[in-house]
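J.: Right, I'll just put the structure down here and ask away after.
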Amino acid sequence: MHRHLEPLGGWRRTHSCGELTQEACGSDICIMGWVQFRRDHGGLIFIDLRDREGLTQIVFSPEESADAHGRAHLLRTEYVLAIKGAVRPRPEGMANPAMVTGMIEVAVSEWKLLATSKTPPFAIEDRSDAAESLRLKYRYLDLRRPKLAKNFILRHKASQSVRRYLDGLGFLEIETPILTKSTPEGARDFLVPSRLSQGQFYALPQSPQLFKQLLMVSGLERYYQIVKCFRDEDLRADRQPEFTQIDIEMSFVEEEAVMSMAEGLVRTLFRETIGVNLPEPFPRMTYGQAMAEYGLDKPDIRFALQLRDVTDIVRGSQFKLFAQAELVKALAVPGGGELSRKEIDELTEFVKIYGAKGLAWIKIKDDEWISPIAKFLSAAERDALVKACSLAPGDIVFFQAAAPEVVNQALGNLRLKLGERFGLIDDSRFEPLWVTDFPLLEFNPEEKRFAAMHHPFTAAQDGHMELLRGDPAKAMAKAYDIVLNGNEIGGGSIRIHDAAMQSAMFDALGISREDAENRFGFLLNALQYGAPPHGGIAFGLDRIIMLLTGAKSIRDVIAFPKTQKATCLMTEAPSDVSPAQLRELGIKLRERPVKQPPEEQNVGLDL
RNA sequence: GGGGCCGUAGUUAAGCUGGUUAUAACGCCUGCCUGUCACGUAGGAGGGCGCGAGUUCGAGUCUCGUCGGCCCCGCCA
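What the first sequence shows, in the working numbering, is residues 61 to 667, in sequence order.
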C-alpha cells in the first residue's frame, strides 16, 4: 500500500475541527488534523479528525469520490490529513449529541496525506491511563490529549488576563537577567560556570527580588514580569526546580495598596478564566491567629474545624504527658465518634510523619468517655474541655501535647485529613484568605540564630525595628501571604528602602558588614540614591493554574516538566558534556561520573 | 538524608501459600463489512516478568543489592 506524503500545495484550512455546526451545512470547507478514531466499514469509512479545537466526523464514500474513498483504507490512528469536502447534516437518527459537532459530518471529496504516524505508545485520549513516566517520555504526544491541552489553553488565558490587568494599572513588563549573581533567599542556587571568568559562576535567579527593587530605585515605579525562577531543592507534587512567578513591584505604596492591587488581579484572573467571582474583599487573618486556630500558616478555611489551646486546662492533670507539655492543643470533630479503632491507628501513624509521638483521643458517648486517657482526667478538667471544645455526644476529640511546632504541624495536618475523611471540604468552592502580621524573623535552632522569615529586605512594622536588639522574636514584618483553599499562591512585603535600615537588618541577621558588602553591595549602594518607598508581591503561577484547572500535579500545567529527580525523561537532561566543553570552562570533575548501563528502563519502547 | 507505594506483551492489569508450553482486555497485523461514533466480525502475531546476584531440584512469585517512577518528612515559600 502506498503512503505517499503530499505537500499542502496551496490548501488552507477554512475551519477548525471544533466549530462546524448546522449553520455550515452546504458549504465546502477544508480542515486538517489528526486521525482520532477510524471506523472502516469497507464500503464506507468514518474518521474522527482531531485538532486543538475538537473533533469532526468525516465520511469517505464511493458515491462522493471513489478515489478519495479507495485511498482511505490505509489511514491509521494519528495520521495527519487535509481534507476538502462539503458539510452536511447527518442522516435522520445518526446525530451524536455527545459531540459538539455531532449534528454534522463532512463528506470528503478530496484529501491529502500530510504525515503518517507510528502506532503511538499509548492512546491519545483523555481516558488513557498510561504510566506518567511513559507520558513524560512522549510528552509531545501526551500534550495532544484534550484534557492536557486544555490546561495550557487556560494557562494562556490566565497570562493574558494578568497582562491586561497590570497594563491597565500602568505596570511595565520588564525583563531581568537569568544569568545573575547568587542572591540567596534561602534555597540552593543553580550555578552556571563562566567561560570568560574561569572559576567563577553565575546563579540562576531564585526570583528577581533584587532586580525589581532596583527598578523601583530607577524610578520606573511599577514593574511586573511573568518569569521563570529556579531553586535547586527537592521536588514535590506542587514543586518544580524551575517554576513561574507573576512578579510585581510598585513604588510609593504601603501594604494596603499592594494588597488591593493583588486582590484585584486574582479576582480578575478567576473571573476571566473560569468565571468564578471571588469575595470582595478577601477575608484576613493574622499569622498568630492562623497558627493558633489552624496550626498552619496557610489555613484552608473552607471548613470550620479549629484547634483549641487547652494547655491551661490540663496543666495540673494527673496525666503527666499533658501536665508537663509545653503546649497542649485539642481538635474536636463533631460526629467523629464513628471512627474505628483501625482508622484512629492510621491517623496516629499519620501524625507521626510530623514528629508526633502519638495521638491521644476521646470519644464522647452519652454518659461516658471512651478513651485510653479519660481515666486520668478529673471532673473539672472534663467540664473545662467540654466547654473549650464545645463537645457533644457522638464527637471525637484529638490531642497533641509536645513542642509548639510539632503540636501545630501534627494537628494542623490532621485537621486537613479529617476534613477530607468527613467530606467537610466543598471542592467547588474557592476561598481566598490574606495572612498578615508575620514575624520578621524566625529562630533557627540548629544555627542558633535568627533568619528572615520572608527575606532580608522585608521592612519591619512601624516601630518594630527597635525590637531587633532586645526581643527579635517579637518584631513583626510588613509582609502578607495570599492563601487559596489551603495553598499559598502568593506572598510579598513592603521592602526596606533605606540603606541604614537595611544595614541594621543585616546586623540583626548576623551578616557581617563585609559579607553584606560582597553579596548585596549593589543594593546598599542603590538605596543611598533616593530609593522610593516600595513593595510588591509574587504569585506562583503554576500553583494558581493547578487550582484553576483542578490538576493534581504541577506537572500537568507545565508543558515540559521534570521528574522528582529533576530529570527530563524526554530530552534526558541533565546529561554528560564533552571533555572539551569542560576544559573550555576550566572545570575538572572531582570524580568520574558513574556510567549507567545504556539499557532502556521501563520506559524504553522503541521496537 | 529518611519513610512509604510501584515496575509482568505496545498499553492497562491478573498471576493465591515458589511447580509442566505466563493470563485477560485494549492496541497492532490480515480478511469481510455502506451509517458507524471507544463500529462490528473471523483469524493472527507479540512478552519470559526493570536489571544483577543469591536461596532452591525449581523463582514473575522468597532474600539482598541496584536502576527508574510516584507520594511524603526534612529541605524549599
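Don't be surprised by glycine CBs; every beta carbon is placed ideally from N, CA and C.
Return the chain-ordered ranges of every alpha helix (DSSP H) run that is complete within the region 78–128 and spans a minimum of 4 residues.
T.: Taking only runs of at least 4 residues, no alpha helix (DSSP H) segment lies wholly in the region 78–128.
J.: Should the region 452–467 be called in touch with the region 380–388, which here means at least 3 C-beta pairs below 8 Å?
T.: The region 452–467 is in contact with the region 380–388.
J.: So T346 and S221 are in contact, right, with Cβ under 8 Å, and what is the actual spacing, rounded?
T.: With a Cβ gap of about 30 Å, T346 and S221 do not count as contacting.
J.: Let's test the definition: count the other Cβ atoms within 10 Å of the Cβ of E66 and tell me whether it reaches 16, buried, or not, exposed.
T.: Exposed, because fewer than 16 other Cβ atoms sit within 10 Å of the Cβ of E66.
J.: Please confirm if the region 288–302 is in contact with the region 563–578, defined as three or more CB-CB distances below 8 Å between the two stretches.
T.: Flag = no, the region 288–302 and the region 563–578 do not touch.
J.: Are there 16 or more other CB atoms within 10 angstroms of the CB of Y414, so buried, or fewer, so exposed?
T.: So Y414 counts as buried.
J.: Per DSSP, what kind of secondary structure is Q266 in: helix, strand or coil?
T.: Q266: coil per DSSP, three-state reduction.
J.: Assuming V134 contacts R63 under a Cβ cut-off of 8 Å, what Cβ separation, rounded to an integer in Å, is found between them?
T.: Reading off the sequence shown, one finds Leu at residue 134, where the question assumed Val. Indeed they touch by this definition, with Cβ atoms about 6 Å apart.
J.: Within this structure, are the beta carbons of G86 and V160 separated by less than 8 Å?
T.: Result no, Cβ atoms of G86 and V160 do not sit closer than 8 Å.
J.: Is it true that the region 536–543 meets the region 577–586, where meeting means three or more beta-carbon pairs spaced less than 8 Å apart?
T.: Output reads no: the region 577–586 does not touch the region 536–543.
J.: Mind checking whether R475 and Q273 have CB atoms under 8 Å apart?
T.: Their beta carbons are not under 8 Å apart, which means R475 does not touch Q273 by this criterion.
J.: Just verifying my parser: in three-state terms, what is the DSSP assignment at G259?
T.: Note: G259 maps to coil in three-state DSSP.
J.: Would you mind listing the beta strand (DSSP E) stretches within the region 306–366 that are 3+ residues and don't spill past its ends, in chain order?
T.: DSSP runs (the beta strand (DSSP E)) wholly in the region 306–366: 344–346.
J.: Measuring alpha carbon to alpha carbon, tell me which of R131, L500, G479 ends up nearest K172.
T.: The shortest C-alpha separation from K172 is found at R131.
J.: State the beta-bridge partners of M536 as determined by DSSP.
T.: Beta-bridge pairing links M536 to P499.
J.: Could you give the C-beta distance for A128 and R148, rounded to a whole number, given that I count them as a contact under 8 Å?
T.: Not confirmed; about 15 Å, so no contact.
J.: Taking DSSP as the reference, what is the three-state secondary structure of P149?
T.: Strand at P149.
J.: Going by DSSP in three states, M61 sits in which element: helix, strand or coil?
T.: Low per-residue confidence applies at M61: pLDDT is 44, beneath 50, and the placement is therefore not dependable, though the value from the model is reported in the following sentence. It is coil, neither helix nor strand.
J.: Among A626, G596, L607, whose alpha-carbon lies nearest the alpha-carbon of S320?
T.: When only C-alpha atoms are compared, the closest one is G596.
J.: Kindly indicate which three-state DSSP category V222 falls into: helix, strand or coil?
T.: If DSSP states are grouped into helix, strand and coil, V222 belongs with the helices.
J.: With 16 other CB atoms within 10 Å as the buried threshold, where does E441 fall?
T.: Per the 10 Å Cβ criterion, buried.
J.: With the cut-off set at 8 Å, would you say F482 and V370 are in Cβ contact?
T.: No, the Cβ-Cβ distance between F482 and V370 is not below 8 Å.
J.: Are at least three pairs of beta-carbons, each pair with one atom in the region 348–368 and one in the region 412–428, less than 8 Å apart?
T.: The answer is no - the region 412–428 does not touch the region 348–368, with fewer than three Cβ pairs under 8 Å.
J.: In the DSSP assignment, find the unbroken beta strand (DSSP E) run with F290 in it and report its ends.
T.: F290 -> beta strand (DSSP E) spans 282–290.
J.: I'd like the list of long-range same chain contacts for L104, defined as Cβ closer than 6 Å, with 5 residues on each side in sequence excluded.
T.: Excluding residues within five positions, the ones whose Cβ falls inside 6 Å are S121.
J.: Rounded to whole angstroms, what's the CA-CA distance from F106 to F182? Just pull it up for me.
T.: One C-alpha to the other measures close to 22 Å.
J.: Apart from the five residues on each side of it in sequence, which residues of its chain come closer than 8 Å, Cβ to Cβ, to V336?
T.: F330, F490.
J.: Give, in chain order, every unbroken run of the beta strand (DSSP E) that is at least 3 residues long and sits entirely within the region 370–458.
T.: Fully enclosed beta strand (DSSP E) runs of 3 or longer: 387–393, 420–424.
J.: Leaving aside the five residues before and after E281 along the sequence, list all residues of the same chain whose C-beta is less than 6 Å from its C-beta, in chain order.
T.: Around E281: S311.
J.: Mind pulling the alpha helix (DSSP H) runs of 4 or more residues that sit fully within the region 572–641?
T.: Listed in chain order, they are 573–586, 601–609.
J.: Taking the CB atoms as reference points, tell me whether R298 and I614 lie closer together than 8 Å.
T.: For the record, residue 298 in the displayed sequence is Asp; it is not Arg. Yes.
J.: Within 10 Å of its beta-carbon, does P151 have 16 or more other beta-carbons around it, so buried, or fewer, so exposed?
T.: Answer is exposed; the Cβ neighbour count stays below 16.
J.: Does S438 pass the burial test, meaning 16 or more other C-beta atoms within 10 Å, or should it be called exposed?
T.: Label assigned to S438: exposed.
J.: If you follow the beta strand (DSSP E) that A520 is in, where does it begin and where does it stop?
T.: Run containing A520: none; DSSP gives neither H nor E here.
J.: L208 to P464, Cα distance in whole Å?
T.: So the alpha carbons of these two residues sit roughly 42 Å apart.
J.: Is V277 helix, strand or coil by DSSP?
T.: Helix at V277.
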